[in-house]
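A.B. asks: Questions regarding the structure given below will be posed in turn.
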Amino acid sequence: LSLSLSEASFFDFAYLRLLELEACGKNPTFMSALVALCRARAAASSSFFNSIIRPAFRNFSTGFADAQNKSLVAQMKEEMLHMDINSMVGSSMPLGMMRIGTIIHNIEMNPGQGAKMVRAAGTNAKILKEPASGKCLIKLPSGDTKWINARCRATIGTVSNPSHGTKKLRKAGQSRWLGIRPKVRGVAMNPCDHPHGGGEGKSKSSGSRGRTSVSPWGKPCKGGYKSASVKKKKKRLADAAAKM
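So for the sequence shown, full-length UniProt numbering puts the first residue at 1; every next one is plus one.
Here is the structure:
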């Protein structure tokens with residue numbers, strides 16, 4: 001199909017003639033003539049392919065691709081018309097545009113401030129109430145609830161890598177790779193180095209009354225200062241919501 005009948009017969013006749021001359025020993029430049037013949041035949045076939053077959057194939061493939069792209073664009077437009085934005089994971093929008101029960105993360109504290117809450121791996125929050133007087137009630141990962149401005153933006157879905165908290169380090173060197181240096185307990189130090197140091201055994205003080213956990217500088221830690229309980233916070237927020 002690549003050559004016409006006359007061209008094909010001409011090249012075949014020339015090839016057979018070269019073979020006869022080689023057999024009779026009358027053609028010392030047989031290889032050069034054969035190479036020239038092959039090049040001529042290849043050039044003729046390539047010119048036929050470039051002039052007839054390739055343009056036709058290009059037109060066919062381009063038309064098929066254009067039709068396929070048009071159908072794909074139309075399908076995407078149809079899906080976007082009937083798509084629920086609240087169900088699109090990764091969409092970012094103001095809290096006032098989301099419905100009740102939407103799972104969100106990367107929540108702003110003030111409009112335009114940028115994400116400040118629910119950014120840790122595997123965490124998410126939930127919208128409990130629709131905007132009332134310009135605020136939404138959000139349930140945080142800690143279980144606490146918080147009223148946030150409805151103009152604050154958030155992202156739909158959960159933060160990735162939920163198994164981050166369950167990952168265990170295989171050896172001490174792996175924590176060093178993460179930039180974590182060793183920590184020495186206060187009870188293992190001397191009294192001059194830490195308030196918990198000294199004494200017999202693992203006591204934190206030498207007196208009979210004992211002592212609360214403190215930092216190396218004597219400041220209470222591990223619950224040394226009382227803070228508002230979660231129950232009281234929830235009750236106060238519930239009373240405020242009832243008044244609204």
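Positions of the beta carbon are idealized from the N, C-alpha and C atoms, including for glycine. Every value quoted in this text rests on a predicted model; they were computed, and no experiment measured them.
How many whole angstroms separate the CB atoms of Leu128 and Leu137, which I take to be in contact at a CB cut-off of 8 Å?
C.D. replies: Translated into the one-based positions of the sequence shown, residue 128 becomes position 128. Translated into the one-based positions of the sequence shown, residue 137 becomes position 137. Sure, about 4 Å apart at Cβ, within 8 Å.
A.B. asks: Suppose you measure from the CA of Leu237 to the CA of Thr145; what does that come to, to the nearest Å?
C.D. replies: On the sequence shown, position 237 is the one that residue 237 refers to. On the sequence shown, position 145 is the one that residue 145 refers to. Their backbone Cα atoms lie some 8 Å apart in a straight line.
A.B. asks: Less than 8 Å between the beta carbons of Ala115 and Asn106, yes or no?
C.D. replies: If you number the sequence shown from 1, residue 115 lands on position 115. If you number the sequence shown from 1, residue 106 lands on position 106. Yes, the pair counts as a contact, with Cβ atoms nearer than the cut-off.
A.B. asks: What is the DSSP secondary structure of Ile237, reduced to helix, strand or coil?
C.D. replies: Counted from its first residue, the sequence shown places residue 237 at position 237. First, the residue type needs correcting, since residue 237 is Leu and not Ile in the sequence shown. Looking at Leu237 - three-state DSSP - the assignment turns out to be helix.
A.B. asks: Just list the residues that DSSP pairs Cys136 with in beta bridges.
C.D. replies: Locating residue 136 in the sequence shown gives position 136, where the first residue counts as 1. BP columns for Cys136 point to Ile148.
A.B. asks: Have a look at Ser160, Leu72, Lys202, Arg153 and flag the residue whose alpha-carbon is nearest the alpha-carbon of Gly186.
C.D. replies: Locating residue 186 in the sequence shown gives position 186, counting from the first residue. Of Ser160, Leu72, Lys202, Arg153, the residue nearest in Cα terms is Lys202.
A.B. asks: Would you tell me roughly how many angstroms separate the C-alpha atoms of Met76 and Ser91, rounded to the nearest one?
C.D. replies: If you number the sequence shown from 1, residue 76 lands on position 76. If you number the sequence shown from 1, residue 91 lands on position 91. Going from the Cα of Met76 to the Cα of Ser91 covers about 17 Å.
A.B. asks: Between the beta-carbon of Ala150 and the beta-carbon of Lys126, is there less than 8 Å?
C.D. replies: Stepping through the sequence shown from its first residue, residue 150 is reached at position 150. Stepping through the sequence shown from its first residue, residue 126 is reached at position 126. No, they are not a contact pair.
A.B. asks: Around the C-beta of Ile52, are 16 or more other C-beta atoms found within 10 angstroms, so that it is buried, or is it exposed?
C.D. replies: Position 52 of the sequence shown, counted from the start, is the residue given in the question as residue 52. With a pLDDT of 49 at Ile52, under the threshold of 50, the predicted position of this residue should be treated as unreliable, and no value is reported.
A.B. asks: Under three-state DSSP, which class holds Glu200?
C.D. replies: To locate residue 200, count along the sequence shown from 1; it is residue 200. Glu200 falls in the coil class under three-state DSSP.
A.B. asks: Need the endpoints of the alpha helix (DSSP H) that Arg176 sits in, please.
C.D. replies: Taking the sequence shown and counting its residues from 1, the one referred to as residue 176 is at position 176. Counting along the chain, the alpha helix (DSSP H) containing Arg176 begins and ends at 172-177.
A.B. asks: Rounded to whole angstroms, what's the CA-CA distance from Lys222 to Ser213? Just pull it up for me.
C.D. replies: For the purposes of this step, residue 222 is taken as the residue at position 222 of the sequence shown. For the purposes of this step, residue 213 is taken as the residue at position 213 of the sequence shown. Lys222 and Ser213: Cα-Cα distance of roughly 6 Å.
A.B. asks: Start and end of the beta strand (DSSP E) containing His164?
C.D. replies: The sequence position of residue 164 within the sequence shown is 164, counting from 1. It is not in any beta strand (DSSP E) - His164 carries neither H nor E in the DSSP assignment.
A.B. asks: Note the first and the last residue of the continuous beta strand (DSSP E) segment covering Ile104.
C.D. replies: For the purposes of this step, residue 104 is taken as the residue at position 104 of the sequence shown. Run containing Ile104: 103-105, per the beta strand (DSSP E) assignment.
A.B. asks: According to DSSP, what are the bridge partners of Ile127?
C.D. replies: Stepping through the sequence shown from its first residue, residue 127 is reached at position 127. Answer is Ile138.
A.B. asks: My output table needs one value for Ser92: the three-state DSSP class, helix, strand or coil.
C.D. replies: Translated into the one-based positions of the sequence shown, residue 92 becomes position 92. Ser92 falls in the strand class under three-state DSSP.
A.B. asks: Can you tell me which of the three DSSP states Ala115 falls into?
C.D. replies: Locating residue 115 in the sequence shown gives position 115, counting from the first residue. DSSP places Ala115 in strand when its eight states are reduced to three.
A.B. asks: In whole angstroms, what is the alpha-carbon distance linking Asn161 and Lys167?
C.D. replies: On the sequence shown, position 161 is the one that residue 161 refers to. On the sequence shown, position 167 is the one that residue 167 refers to. About 10 Å.
A.B. asks: Give the DSSP bridge partners of Val214, in chain order.
C.D. replies: Your numbering for residue 214 matches position 214 in the sequence shown. BP columns for Val214 point to Pro220.
A.B. asks: Distance cutoff 8 Å, beta carbons only. Does Lys222 sit that close to anything in chain C?
C.D. replies: Considering every chain present, this structure includes no chain C. It has just one protein chain.
A.B. asks: CB Cys152 to CB Met88, shorter than 8 Å?
C.D. replies: Locating residue 152 in the sequence shown gives position 152, where the first residue counts as 1. Locating residue 88 in the sequence shown gives position 88, where the first residue counts as 1. No, the pair does not count as a contact, with Cβ atoms beyond the cut-off.
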